[in-house]
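To start, the structure under review is shown below, and the notes come after it.
There are 2 protein chains.
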Amino acid sequence: MAAKSRPKSDAPDVSDRVSRIREGVTAAILEHRLLPGTKLGEDEIGEIYGASRTLVRTALQQLAHEGIVNIEKNRGAFVARPTPADAREVFEARRLIEPTIVDHAVDAVSPAWINRLQQHLAEEREAELRGDARASVRLSGEFHRLIAEMSGHSIYLGFLKELIARSSLIILLYRRHDTPACGTAHHAEIVTAIRKRDKLAARAQMLSHLNEIEAELFLKDPAADELRLADVLGA
Amino acid sequence: MAAKSRPKSDAPDVSDRVSRIREGVTAAILEHRLLPGTKLGEDEIGEIYGASRTLVRTALQQLAHEGIVNIEKNRGAFVARPTPADAREVFEARRLIEPTIVDHAVDAVSPAWINRLQQHLAEEREAELRGDARASVRLSGEFHRLIAEMSGHSIYLGFLKELIARSSLIILLYRRHDTPACGTAHHAEIVTAIRKRDKLAARAQMLSHLNEIEAELFLKDPAADELRLADVLGA
DNA sequence: TGGGCGAATATTGTATAAAGTTTCGCCTGT
DNA sequence: ACAGGCGAAACTTTATACAATATTCGCCCA
């Protein structure tokens with residue numbers, strides 16, 4: 001009971017039923033267990049989480065606002081299917097915002113943060129070694145999010161959360177080879193630059209990292225989207 | 001029937017009951033008819049718009065996601081009260097994003113857009129002349145939004161909508177003098193630069209415009225927030 | 001046999017009712 | 001007179017019932 005009712009503490013959302021649903025569905029999408037275009041029925045999800053449709057609906061609306069779910073009127077919610085144009089916008093926004101975020105991260109550097117970052121790198125390497133693609137894709141997104149948290153800039157953090165979630169879908173849909181989503185090595189270089197408090201290097205590493213991710217994508221004219229999707233879903 | 005059911009067109013939300021509520025409340029907040037800290041009771045709003053609490057709740061949750069409403073668990077929804085720290089974050093983000101947006105706007109320039117911009121400037125001048133503070137504050141926000149629409153970058157547009165809405169609250173809470181929120185003259189200079197397709201000038205004008213707005217603010221340590229709020233609400 | 005119309009079914013949108021929490025007034029006791 | 005606590009009222013939260021809309025499947029007809 002003591003752990004349940006916290007009158008004043010504004011914990012983000014933990015132990016909240018709507019948030020449990022939202023985070024569960026988000027994780028499933030980010031780990032590519034739910035593919036773009038998948039229908040997310042309200043009853044279906046409600047039964048999984050033992051919640052009524054009211055709560056499921058709230059969670060789905062939040063996900064829609066984050067851009068990883070589309071809600072079509074009278075038809076339901078579907079995992080979003082970003083177009084190549086969307087993809088270009090997402091990465092352009094990331095190229096604009098993330099260098100600035102890493103700048104702030106350098107300002108906030110501390111032994112505790114360095115520790116956290118290196119612990120994260122270890123997790124990434126471990127997941128990569130054991131070939132756990134789902135954990136890898138999740139962790140590589142969380143790395144960028146971690147840096148945004150480190151920056152202490154809550155607005156950038158909110159924006160980046162959206163961009164990361166969409167990026168995960170984009171990488172699933174449009175990557176050329178079955179390369180790991182983000183090279184762990186790049187992340188290590190970024191951490192090194194942060195540790196050295198070298199803003200210029202940190203910005204540069206972040207930017208080239210993002211460029212490399214986007215370079216791995218196959219973003220052609222939107223007309224051929226359907227084929228590409230069929231390809232992914234069929235595989 | 002033709003105008004009502006559009007299966008594929010993703011019109012933002014027009015003629016949707018939830019959106020009517022959201023836009024109504026948003027307008028009230030942006031025009032400073034609802035002050036920061038005001039409680040937004042579900043029954044109260046529902047009665048105004050002739051809607052059930054279900055729809056009101058949906059609208060309020062969307063506004064919470066946009067950052068202009070805070071929802072406190074088991075207590076209800078309140079008009080957000082940005083802290084000075086929030087204010088600094090918002091303007092930093094705007095200084096980062098808006099120069100890039102205006103860059104894109106220059107790329108998209110066309111006679112139709114120039115026309116629309118100048119029509120908007122005329123509206124702003126008119127509102128300023130007749131001393132309509134509410135219309136002025138609304139229109140000055142819409143100017144920035146218009147440029148974001150012109151850029152064709154939907155992600156930047158979404159981000160900027162949030163930033164503008166929060167800016168409106170910030171200006172209300174923290175401006176030094178009762179100066180008009182944004183000088184119409186600055187907007188005119190930005191339009192001129194866009195019309196000349198001069199990206200450098202457009203970026204520079206936008207940046208200095210944002211700097212001037214923030215310079216008009218009184219952003220001290222958060223400790224004194226309460227006094228400031230009392231000041232505004234008492235007046 | 002293939003296409004199209006139509007009823008049945010399933011799913012979402014909306015409203016209302018039940019349950020839980022907070023707040024505020026009032027009362028009692030010191 | 002004042003502090004503390006009890007209790008009722010108001011509100012939010014959650015669940016459920018009802019209405020509207022889309023989809024699906026079967027049947028009929030060409």
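Sequence order for the protein chains is A and B.
Under the UniProt record's numbering, the first residue of the first sequence carries the number 1, and numbering increases by one thereafter.
Under the UniProt record's numbering, the first residue of the second sequence carries the number 1, and numbering increases by one thereafter.
Beta carbons: idealized from backbone N, C-alpha and C, even for Gly.
Since the model is a prediction, treat every value here as computed from it, not as a measurement.
Judged by their CB atoms, Val79(A) and Ile194(A) are not nearer to each other than the 8 Å cut-off. Residue burial is scored here from C-beta neighbours: Arg197(B) has fewer than 16 other C-beta atoms within 10 angstroms and is therefore classed as exposed. Of the residues Thr26(B), Glu126(B), Ile97(B), the one whose Cα lies closest to the Cα of His65(B) is Thr26(B). Of all residues in the stretch 71–90 of chain B, only Glu89, Val90 place a beta-carbon less than 7 Å from a beta-carbon of chain A.
Between Phe91(B) and Leu210(B), the beta carbon gap of about 6 Å places them in contact (Cβ cut-off 8 Å).
Here Ala185(B) is exposed. Its C-beta has fewer than 16 other C-beta atoms within 10 Å. The criterion of a C-beta distance shorter than 8 Å is not satisfied by Gly152(B) and Ala202(B).
DSSP places Phe159(A) within a helical segment (H, G or I) once states are collapsed to three. Note on Asp43(B): under 16 other CB atoms within 10 angstroms of its CB, so exposed under the neighbour-count rule. In this structure, Ala77(A) and Ile21(A) do not form a Cβ contact; the two beta carbons are roughly 12 Å apart against a cut-off of 8 Å. Across the structure, His120(B) and Leu139(B) are spaced so that their CA atoms are roughly 8 Å apart. Cα atoms of Ala85(A) and Leu217(A): separation of roughly 12 Å, rounded to the nearest angstrom.
Fully enclosed beta strand (DSSP E) runs of no fewer than 3 residues occupy 69–72, 76–79 of the stretch 67–148 of chain B, in order along the chain. Within 8 Å of the CB of His65(A), the CB atoms of chain B belong to Gln62, His65, in sequence order along the chain. Going by C-alpha positions, Leu219(A) is about 7 Å away from Tyr174(A).
Taking 8 Å as the threshold, the shortest C-beta distance from Leu219(A) to chain B does not fall below it. The DSSP-derived three-state label of Lys220(B) is coil. Taking the beta carbon of Thr100(A) as reference, the chain B residues within 7 Å of it are Leu96, listed in sequence order. For the options Leu200(A), Arg166(A), Ile213(A), Ser154(A), the alpha carbon positioned closest to that of Gly67(B) is the one of Ser154(A). Identification of chain B residues near His209(A) by a Cβ-Cβ cut-off of 8 Å yields none; the smallest Cβ-Cβ distance measures about 19 Å.
Listed in chain order, the positions of the stretch 27–61 of chain A with a beta carbon within less than 8 Å of a beta carbon of chain B are Thr58, Gln61. For Tyr156(B), the C-beta contacts it makes with chain A under 7 Å involve Ala93, in order along the chain. Separation of Arg95(A) and Leu169(A) (C-alpha to C-alpha, rounded to the nearest whole angstrom) is 18 Å.
When Ser19(A), Gln205(A), Pro111(A), Pro36(A) are compared, the shortest CA-CA separation from Leu172(A) is found for Pro36(A).
Closer than 8 Å to the CB of His144(B) there is not a single CB belonging to chain A. For a Cβ distance threshold of 7 Å, residue set Glu89 of chain B lies close to His153(A), ordered along the chain. Contact between Leu163(B) and Ala105(B) is ruled out by a C-beta separation of about 16 Å, above the 8 Å threshold. Unbroken beta strand (DSSP E) runs of no fewer than 3 residues, entirely contained in the stretch 22–53 of chain A, are not found.
A Cβ-Cβ distance of about 6 Å is found for the pair Ala148(B) and Tyr156(B), placing them in contact under the 8 Å criterion. One alpha carbon belongs to Ile45(A), the other to Ala133(A), and they sit about 24 Å apart. Collapsing the DSSP output to three states places Arg175(A) in a strand.
Per DSSP, the continuous alpha helix (DSSP H) segment holding Arg203(B) begins and ends at 199–215.
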